[in-house]
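Residue numbers (the numbering used here): 1 to 174.
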């Protein structure tokens, strides 16, 4: 049985600060679908922030929790899912998400990401003096994977949220 995109989840991937949560919330309102931010979901389940999980349990434990969550999204349920920036670190995560969804990469420039995260001190991986340099380094490592796994890529560097939402609806045919 072929699954229509209208039944699939819309899965937003991209670097932290690329707008996955903002776009996902707006998209859920427009399409009248449930929105799930996986980082928020994990924080509620674990009773601590992502930063605290990294500090107290380590990145490996966080990625394990994340993998368990992504398995739950392997069936199409018409949800809008904003993933953590590191979702692409494990191909099984993407495989599970692709089973039930359309993968949309929100691509953004390092400058725009740095601007979006300028006052954000909650990102454990960016607890460094030169955030923009760290963003460039991580983006260089991750971008090939975002490109590999994405079914749709939208460069959001110069788009506002409404334009991005319109492009997703148009390109994902939902």
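Glycine included, each C-beta is placed from N, C-alpha and C at the ideal position.
Please state whether the Cβ-Cβ distance between residue 35 and residue 25 is less than 8 Å.
Here residue 35 refers to the residue found at position 35 of the chain shown. Here residue 25 refers to the residue found at position 25 of the chain shown. It is a contact, given that the beta carbons lie within the stated cut-off.
With a threshold of 6 Å on Cβ separation, who are the neighbours of residue 85 within its own chain once the five nearest residues in sequence on each side are excluded?
Locating residue 85 in the chain shown gives position 85, counting from the first residue. Cβ neighbours of residue 85 beyond the five flanking positions: 15 and 16.
So, is the C-beta of residue 163 closer than 8 Å to a C-beta in chain C?
Absent from the structure: chain C. Only one protein chain is present.
Taking 8 Å as the threshold, find out whether the segment 98-117 comes into contact with the segment 145-155 through three or more Cβ pairs.
Touching, yes, given that three or more Cβ pairs across the two stretches are closer than 8 Å.
Looking at residue 38 and residue 83, is the spacing between their C-beta atoms short of 8 Å?
For this step, residue 83 is matched to residue 83 along the chain shown. For this step, residue 38 is matched to residue 38 along the chain shown. Taking 8 Å as the Cβ cut-off, residue 83 and residue 38 qualify as a contacting pair.
So for residue 87, helix, strand or coil by DSSP?
In the chain shown, the residue the question calls residue 87 occupies position 87. In this structure, residue 87 counts as helix in the three-state DSSP scheme.
I need the DSSP call for residue 159, collapsed to helix, strand or coil.
Within the chain shown, numbered from 1, the residue matching residue 159 stands at position 159. Reduced to three states, the DSSP call for residue 159 is coil.
Please classify residue 44: is it buried, with 16 or more other beta-carbons within 10 angstroms of its beta-carbon, or exposed?
By one-based count along the chain shown, residue 44 stands at place 44. Exposed: under 16 other Cβ atoms inside 10 Å.
Straight-line CA distance for residue 92 to residue 115?
Residue numbering aside, residue 92 sits at position 92 when the chain shown is read from its first letter. Residue numbering aside, residue 115 sits at position 115 when the chain shown is read from its first letter. Residue 92 and residue 115: Cα-Cα distance of roughly 31 Å.
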